[in-house]
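Only one structure is covered here, and it is reproduced in the block below.
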Amino acid sequence: MNSDYLVLPHFDPAIFEFGPIGLRWYGLMYLLGFIFARWLGVRRAQQANSGWTVDQVDSLLFNGFMGVFLGGRIGDVFFYNLDRFLQDPLYLFRVWEGGMSFHGGLIGVIIAMVITSKIQKRSFWATADFVAPLIPFGLGMGRLGNFINLELWGHATDVPWAMIFPTDPLLLPRHPSQLYEAMLEGLVLFLILNWFIRKPRPMGSVAGLFLIGYGVFRFMIEYVREPDVELFLDVITRGQLLCLPMIFGGIFIMFWAYNKSAVKK
């Protein structure tokens, strides 16, 4: 083993366990992401003429959290582990054995936003534009959770910052792709979106920019991330395939939003 590369310790995924009760690092990262989203959402709701109350924000975030959890789990099973589910349907409910799919979580959040918008008698796009800037921080924290869990590492490489993951059976120096994702999907996308909303924007454009930003960043990182499933003669991964509708959909939404705004003027 090359000692020039950083060899990561074998982190315990559980912070503490007391009988059936415990707290895991991955769960803590999601919790911190939710707490930050609520803090930022409440802060925006309290601004003059925001059109939101704190209770409405809490309702939206609770529904969104349920959408992330249910959609993320179902998406992970059906997008990446369908064969295992068909052999063992109860695998769907053993959440401690599997992960979460962002794309499944996104579908869950969209469903939650549709329901919440109807309840609050608000445009879906107004809800989507409010939610979009709150999401990236949680995404970044989730990727840090992947890093602590020593999962979803990248391709083998000889770059100076390569790391050796003890969960890798080959113990090869690899791209810390979880940290790349935490930086791009988390910090950079957060800064872009929250800079974008500093000025009034056409309804739907913030959500469209989020879809484009996440789709492009994830598509790029898939080139250095060890893929779960490879498709089309090793040309495109499952993650990249799922990102394409996000990118093109986001472009279409932004074009529609700005075109609609121009027509109104």
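End of the sequence shown = 265 in full-length UniProt numbering, gap-free, step of one. All C-beta atoms, glycine included, are put in the ideal place defined by N, C-alpha and C.
Residue range 14-18 is occupied by the beta strand (DSSP E) that includes residue 17. Per DSSP, the beta bridge partners of residue 6 are 163. Secondary structure note for residue 27: its alpha helix (DSSP H) is the uninterrupted segment 25-45. Under the rule that a run must span 3 or more residues, no beta strand (DSSP E) segment is found entirely inside the segment 123-172. In this structure, residue 208 sits away from residue 227, with a CB-CB distance that is not shorter than 8 Å. Closest option to residue 9, judged by alpha-carbon separation, among 252, 127, 172, 167: 167. Distances from the alpha-carbon of residue 254 to those of 224, 201, 216, 222 put 201 closest. Distances from the alpha-carbon of residue 178 to those of 163, 118, 91 put 163 closest.
In the DSSP annotation of this structure, residue 52 is not part of any alpha helix (DSSP H), being labelled neither H nor E. In the DSSP assignment, residue 109 falls within the alpha helix (DSSP H) that extends over 102-120. A check of alpha carbon separations from residue 62 across 35, 49, 21, 107 identifies 35 as the nearest.
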